Structures are given as structure tokens and as C-alpha cells.
Amino acid sequence: MRVAQHRRVLAAAVTTAAAILALVDVPASAQPADLAAPTAANADTTALAQLAEGYLQQRADMLTTSRPPVRAAVVHVKATRAMAARTQDDLAALAEKGKRYREVDGGYTKARVDVNVTDTTVSGRTATLQLTEHTRLYPPFTAQEVEKGAPEYEELSLPHTVQYAQGTDGTWLLSSDKADTEGGPTPTTQVSDVDAGAGADDGGGKADEDEGGKDAPSDTTPLPDATVDDLVKPSVAAGYSYNKMVAYADKYWDHHNGAFRTYGNDCTNFISQAMLEGGWGPKGGAIIQRTSNKYWFYGPTKFTTSYTWAGAENWYWFAKKHSKRTKILDNVWKLAKSDVLQADWDRNDNIDHTMIVTKKYQGTPYLTYHTGDTHNKSLNKLLSDHPRTWWYAHRT
Numbered sequence: 013m014r015v016a017q018h019r020r021v022l023a024a025a026v027t028t029a030a031a032i033l034a035l036v037d038v039p040a041s042a043q044p045a046d047l048a049a050p051t052a053a054n055a056d057t058t059a060l061a062q063l064a065e066g067y068l069q070q071r072a073d074m075l076t077t078s079r080p081p082v083r084a085a086v087v088h089v090k091a092t093r094a095m096a097a098r099t100q101d102d103l104a105a106l107a108e109k110g111k112r113y114r115e116v117d118g119g120y121t122k123a124r125v126d127v128n129v130t131d132t133t134v135s136g137r138t139a140t141l142q143l144t145e146h147t148r149l150y151p152p153f154t155a156q157e158v159e160k161g162a163p164e165y166e167e168l169s170l171p172h173t174v175q176y177a178q179g180t181d182g183t184w185l186l187s188s189d190k191a192d193t194e195g196g197p198t199p200t201t202q203v204s205d206v207d208a209g210a211g212a213d214d215g216g217g218k219a220d221e222d223e224g225g226k227d228a229p230s231d232t233t234p235l236p237d238a239t240v241d242d243l244v245k246p247s248v249a250a251g252y253s254y255n256k257m258v259a260y261a262d263k264y265w266d267h268h269n270g271a272f273r274t275y276g277n278d279c280t281n282f283i284s285q286a287m288l289e290g291g292w293g294p295k296g297g298a299i300i301q302r303t304s305n306k307y308w309f310y311g312p313t314k315f316t317t318s319y320t321w322a323g324a325e326n327w328y329w330f331a332k333k334h335s336k337r338t339k340i341l342d343n344v345w346k347l348a349k350s351d352v353l354q355a356d357w358d359r360n361d362n363i364d365h366t367m368i369v370t371k372k373y374q375g376t377p378y379l380t381y382h383t384g385d386t387h388n389k390s391l392n393k394l395l396s397d398h399p400r401t402w403w404y405a406h407r408t
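Written out as C-alpha cells, the structure reads:
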């Protein structure tokens, strides 16, 4: 993908377990089981992690149909004056987002957040945590519907830099929280818009060919009925395994496959991996071919890998025009499992983002992607989040 200014949301802290636990009510679902008696060696880190987890749980809870009032939620987050004001604004915006989601497809009934802290730094009265938020958001599906193919939950994995500042009384207050959104679709637990501009490297670039104009973007008007729910693709005739494409995306949406590089904007790299797993054969491989949209291959370095492998715009031209391995659907609701959806956020005729359909239930496709890492997000919610986007739906 070719977009993204890194936007981060910082937060502040560090303290003894006792001091921090007094700062915030942490939802029971967010509390690690072994937190009762932290040792002296890990007390600060453990307590800070719990505090961060509780804060992120509050954010996720605002998206659910059982959300608390904003004023009640805000009192659970002890923060600096500036951060408290910002947090209140964010929680209010997330509550509105949750209401919008409920209108478009029922929203979420509950949320669960876990945090993985990768680094903690304490310097004087400032503490900084590098962590990853792992959130599950549960749509209002019954167990029977899940058995029939509905997603049990939507998942996301989002890096944060969180900071705390120590007050004069020795307690630690949240001072900033910066989420690494990287220009993909707006993460479900965030409220800032996608920034469609020059950003992290995606491995693509200006191609040798002058490609001319694209097909018209796919329509987003809902279809009159869910006639393509159980569409069976001719995988034997095509020589592709669509089930393998989906299984690959389900496996590596969060834990990236170490056999491949991860790009700053990694969405199309991820989709190319899934297509390769499903039977797409490489085309070309010479260094001189890497800048041509007629070729598609992965090499041991970025400079021995084609633009079309990880560049969203380049991938479009290889897949649709030069290899004819995909065709553009006239309506996004015709997407089936293993089909690919691409997005041009700001309608500048340059595709920014690439996703794969990993589920379809009652006519609704559910998308999975890298940047930011998300599993089974409904098309309804994506369209609601990005109403001005041009979408290109590929039949693979």
C-alpha cells in the first residue's frame, strides 16, 4: 500500500503495583491471573502493563452495545489534565462510532483486550511502554450462526507507544498514547482518519508501463439479496486453491510469516503471499524486470523483488491487466471468499490498500489485512468508516 503518515497516540507512566492499581479500575477481563503479588523485580512493569490494558479496554468497551456513559468511563482513567481532556473526546467519539456500527450491521456486544509489552523505559518521572494491543470485538451472532460460518469475533493487533508522568504525590498519570496506524483503514479502536499521503515504503513504485485508465470503481450499493453467499469458484479449472489462500490469511494476519520481509506498508505483500500459497506462480525474476507491471516475483532482497509483489497500485495492473488472474467486479457485495478488495482512499487514481475476503455470511464479506493487522472486519463497517473511498473488487 502507498499511504500513511505514522500517527501515534502516547500515554505516560510507571509506578509500584500498589500505586497504579489505585489509579484505575481495570475490567476483570483485562486482568492477568498472576497479578496479585508481583515481585520487586517486576512490580513496576507489571502494574504499568495492567494500567495500559485497562485504559485500552475502556476504549474498546465504548464501541459495544453495552457501553458505559462517557463520564463514567473517563473517571477510570487517571491522566494528566491534557490527556484526560483528550481521552474524554476519544471515548465520546468511540461511543458515536459504536452507535454507527450498530446501525450498519448490529455492532459489537462485547470486547476483550490483551496487551503484550515489548519494552519499558523509566527515566526520572517519565515511563514509556512499547506495547501491542490485541483486541477481539464480538458481533451479535449466536453459536448456531457461528457454526454456519459467521465470524465469532473481529480481531485487531495494534502497536502503541504509551507514556506516563509521575505526579508530585508519586502516582503515575497517563500522559500520551500514540497508536501506530500506518495509513491502513482506520483501526476499529481508533478515531483518527486514514492519512492518504506519502508514507512508509511498500515496495512498489513508478512502473515502466504507461497503463492508462483503470476500470470504473466497484459500486457499493447493496444487492437486493444474498445470492453469492456460497459462490463456488472453479478452483480445479483455474489451478488455484482458494481455501489455501484463505487459510494462509487466517494464519498469518497477526503473526507475520518470517519467510518474507515485512514492509512499512505491508498489506499487498501479505496478499501476494496468500495468492502464492493458493497457486499463483511467479512470473519473471530478473532484476531488470522488477519495475515492470508485467512481472510478479519475490526475491531475497527488496531490490530483487518486483514492484507488483508489494505495491498496491502495481499489483492491480499485474493481476487485472497483464496476467488476467483477476477481473474487476462491478459491485463490492459480489466479493466471495479469497477475492481481493483494494482501496483508493483519496480518489487520486492511485491505489493505497489491499485486503482479502476470509469469510462471507448472509451476503456480507469479511476482510483480513496487514497495516493495521485486522482479521474478519465486515465490509459494512469498512464502507461506513471510509465513505469517500474508491473500491476495486477483484475476483481472483
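Quick note: the sequence shown uses this note's numbering, first residue 13, plus one each step. Don't be surprised by glycine CBs; every beta carbon is placed ideally from N, CA and C. Being a predicted model, the structure only gives us computed values, none of them experimental.
Under the three-pair Cβ rule at 8 Å, the stretch 151-168 counts as touching the stretch 195-206. Taking the C-beta atoms as reference points, G323 is found no nearer than 7 Å to G196. For E167, no alpha helix (DSSP H) run applies; the uninterrupted beta strand (DSSP E) run containing it begins and ends at 166-178, by DSSP.
If you check the CB distance, T77 and R114 come in under 7 Å. If you check the CB distance, P234 and N388 do not come in under 7 Å.
With a minimum length of 3 residues, the unbroken runs of beta strand (DSSP E) contained wholly in the stretch 119-154 fall at 122-135, 138-150.
Cβ-Cβ separation between Y307 and Q354: approximately 19 Å, too far for a contact (criterion under 8 Å). For A261, the uninterrupted alpha helix (DSSP H) segment begins and ends at 254-264.
DSSP, reduced to helix, strand and coil, places A96 within a helical segment of the structure shown.
Scanning L141, K332, P229 for the CA closest to the CA of T173 turns up L141. Of K190, Y252, D214, H88, the smallest CA-CA separation from R337 is found for Y252. In this chain, the beta strand (DSSP E) harbouring R407 covers 402-407. Within the same chain, Cβ atoms closer than 6 Å to the Cβ of T274 are found at H268, the five residues on either side in sequence being excluded. Note on D214: 16 or more other CB atoms within 10 angstroms of its CB, so buried under the neighbour-count rule. Counting other Cβ atoms within 10 Å of its Cβ, G216 reaches 16 or more and is therefore classed as buried. In this structure, K346 is the residue among M367, K372, F330, K346 with its C-alpha nearest to the C-alpha of T232.
Around the beta carbon of I300, a 10 Å sphere encloses fewer than 16 other beta carbons of the protein chains shown; the residue is thus reported as exposed.
Looking at the DSSP output, P377 shares a beta bridge with K372. Between P236 and F153, the alpha-carbon positions lie close to 22 Å from each other.
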